[in-house]
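Following: one structure in structure tokens, then a few remarks.
There are 2 protein chains.
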Amino acid sequence: MPQNIYDDPEFFAGYSRLPRSVGGLPSAPEWPRLQAMLPDVRGLRIVDLGCGFGWFCRWARENGAADVLGIDLSENMLARARAATSDDAITYQQHDLATVALPKGRFDLAYSSLAIHYLEDVARLFAEVHAALIPGGHFVFSTEHPILMASRRAEWLTHLDGAPTWPVDGYLAEGTRTTEWFRPGVVKYHRTLATTLNALIGAGFAIAHVEEYGPTPEQIAAQPAWAKERERPMFLLVSARRN
Amino acid sequence: MPQNIYDDPEFFAGYSRLPRSVGGLPSAPEWPRLQAMLPDVRGLRIVDLGCGFGWFCRWARENGAADVLGIDLSENMLARARAATSDDAITYQQHDLATVALPKGRFDLAYSSLAIHYLEDVARLFAEVHAALIPGGHFVFSTEHPILMASRRAEWLTHLDGAPTWPVDGYLAEGTRTTEWFRPGVVKYHRTLATTLNALIGAGFAIAHVEEYGPTPEQIAAQPAWAKERERPMFLLVSARRN
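Protein sequences appear in the order of chains A and B. So the first sequence is residues -17 to 225, counted in this note's numbering. So the second sequence is residues -17 to 225, counted in this note's numbering.
What follows is the structure, given as structure tokens:
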């Protein structure tokens, strides 16, 4: 039975109030960097793995994508995504990314935002994505950075001089990390950055670009509370090409 | 004027007593992982960037390499490397890796162990290495891991529960880090993992494998004091192919 926190009422209520849930892509601080790693989507056939409310699916169509398949485990999220569009070229399907079977050679671009850290086995998904892409197809995704996830007590510490520092421990001990996020007991899977990259290479992808996202100076000027988020990377962003 | 700490008498005396300085490759705990990332060296023409005492150069010849060029900035180290072999197929040259000019298309394998964290500009070196390799040539290197280097106070902290944790701060602030290692004022250059990988890709390499080294359970059984070194990765190991 997969964890389906997004269909937990308490979690869903909290998640639905996040800026990125209300405002979509422009409210996700890492979106400009992720967008810069995407190919021109005009005419592309796209699959969005963990599509949530469908913000990216709609953005892709507004920017000329031929068709978009959005996949998510959460009925709550898919219901909202379906209600937000009447575009026949956007299709939503409920699947668990741990077991999803994608059509072979069907897509030009696979996209996934902050979903794969819920997966124990990324190698299986990466192989599935590889087979679902045409040769030369693009795979662009974000995930929580392993530096953010590793510690058994992932809370800011202070140096003796009072400056904030982020704890890293258990980095090489891959596996579950249970955190509180809108509710206790949210389970994510920590894996090293090397494991993620080697799984991509092993599946037949060529790594094209890697970003370790922290807010830009401009974003910090607009949101001074984010300054601390440059101390350690929040998100890992990767673009790869199918060989 | 490049920093040449290895020709500082105090530093050199300390460094010369390290297990890896006395015992060579078998005394470097990351060597088995780095070795596993190397191609079969039989018949290969090899350049070793930051060759130190020449342990790898000699190992490569003992394992069938056609010829090996060892490059280092330190006269002290090159003198010892030269004294340790009478093999005409090993050549040692003094160059600063920040400005070295390598012969074009001359090598099948470029190797570098724990040297590039002294370099401010890896992109320049990576372009030089790319041009020095034949198409399909290998580049295998290790460097201090950015998680190890980032913090302005890189010393173990403890969680409230007393467990050791490693501080990460300033991760996204690339540039100099001044540490004490056998003497005060040793300057290294912190850069993100993404910067290193993107510099490789930008120079025309395909990333083949990435390792974030920490001691294995077997190594910890033999050296219990190393257990803490699994909390965060010490070294980044990368193999890449020239496109």
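Glycine included, each C-beta is placed from N, C-alpha and C at the ideal position.
Look at the alpha carbon of residue i and the alpha carbon of residue j, and state the distance between them as a whole number of angstroms.
i	j	result
ALA190(B)	ALA65(A)	44 Å
PRO197(B)	LEU218(B)	13 Å
ASP(-10)(B)	ALA114(B)	31 Å
THR160(B)	GLU213(A)	18 Å
ALA71(A)	ILE202(A)	38 Å
GLY52(B)	PHE123(B)	14 Å
SER68(B)	ALA185(B)	35 Å
SER95(A)	ARG43(B)	48 Å
GLY119(A)	ASN(-14)(B)	46 Å
ARG2(B)	SER9(B)	5 Å
LEU16(B)	CYS39(B)	14 Å
TYR74(B)	ALA63(B)	8 Å
VAL4(A)	ASP22(B)	55 Å
PRO117(B)	MET19(B)	18 Å
ARG106(A)	ASN225(A)	17 Å
TYR(-3)(A)	GLU162(A)	13 Å
ILE98(A)	ILE28(B)	40 Å
GLN76(B)	PHE(-6)(B)	17 Å
ARG135(A)	THR140(B)	11 Å
PRO166(B)	PHE108(B)	29 Å
TRP208(A)	GLU200(A)	11 Å
TRP148(A)	ARG88(B)	45 Å
TRP41(A)	ALA61(A)	18 Å
PHE35(B)	LEU26(B)	21 Å
ASN180(B)	TYR93(B)	19 Å
ALA176(B)	ALA176(A)	11 Å
PRO206(A)	ASN45(A)	32 Å
LYS86(B)	ALA204(B)	44 Å
Please determine, among the options, the residue with the shortest C-alpha to C-alpha distance to residue i.
i	options	result
SER221(A)	GLU213(A), HIS112(A), GLY52(A) and ARG62(A)	HIS112(A)
ARG24(A)	GLN76(A), ALA47(A) and ALA188(A)	ALA47(A)
THR182(A)	PRO149(A), PHE164(A) and PHE121(A)	For clarity, residue 182(A) is Leu in the given sequence; the question names Thr instead. Taking only the C-alpha atoms, the option nearest LEU182(A) is PHE121(A).
GLU57(A)	VAL50(A), ASP49(A), ASN45(A) and ASP78(A)	ASP78(A)
GLU137(B)	GLU137(A), ARG134(A) and ASP143(A)	ASP143(A)
VAL104(A)	THR81(A), PRO117(A) and ILE116(A)	THR81(A)
PRO146(A)	ARG135(A), LYS210(A) and PHE(-6)(A)	LYS210(A)
PRO14(A)	GLU193(A), ASN225(A), PRO206(A) and TRP208(A)	GLU193(A)
TYR(-12)(A)	MET59(A), ASN45(A), LEU26(A) and TRP41(A)	MET59(A)
THR178(B)	GLU102(B), PRO206(B), GLU200(B) and ALA207(B)	GLU102(B)
PRO(-16)(B)	ALA61(B), ASN45(B), LYS86(B) and TYR100(B)	TYR100(B)
Report back the beta-carbon spacing between residue i and residue j to the nearest angstrom; my notes put them in contact at under 8 Å.
i	j	result
GLU110(A)	LEU84(A)	5 Å
LEU154(A)	PRO215(B)	7 Å
LEU7(B)	TRP37(B)	5 Å
ALA132(B)	GLY152(B)	5 Å
PHE187(A)	ARG223(A)	7 Å
ASP54(B)	CYS33(B)	5 Å
GLU12(B)	TYR195(B)	4 Å
VAL150(B)	VAL150(A)	5 Å
Per DSSP, what are the beta-bridge partners of residue i in this structure?
i	result
GLU126(A)	PHE217(A)
GLU232(A)	What is shown of chain A runs -17 to 225, which leaves residue 232(A) out entirely.
GLN201(A)	Answer is none; GLN201(A) lacks a bridge partner.
PRO146(A)	THR140(A)
ILE72(B)	VAL50(B)
THR160(B)	VAL169(B)
ILE28(A)	VAL50(A) and LEU91(A)
HIS99(B)	DSSP, once it has assigned bridges, lists no residue as partnering HIS99(B).
ALA188(A)	ARG223(A)
LEU115(B)	PHE89(B)
PHE35(B)	In the DSSP output, where bridge partners are listed per residue, PHE35(B) has none listed.
PHE121(B)	ALA92(B) and ALA222(B)
Nearest chain C C-beta to residue i closer than 8 Å, yes or no?
i	result
TRP41(A)	Among the protein chains in the structure shown, which are A and B, there is no chain C.
- Message: Three Cβ pairs or more, each shorter than 8 Å: is that satisfied between the segment 120 to 138 of chain B and the segment 170 to 185 of chain B?
- Response: yes
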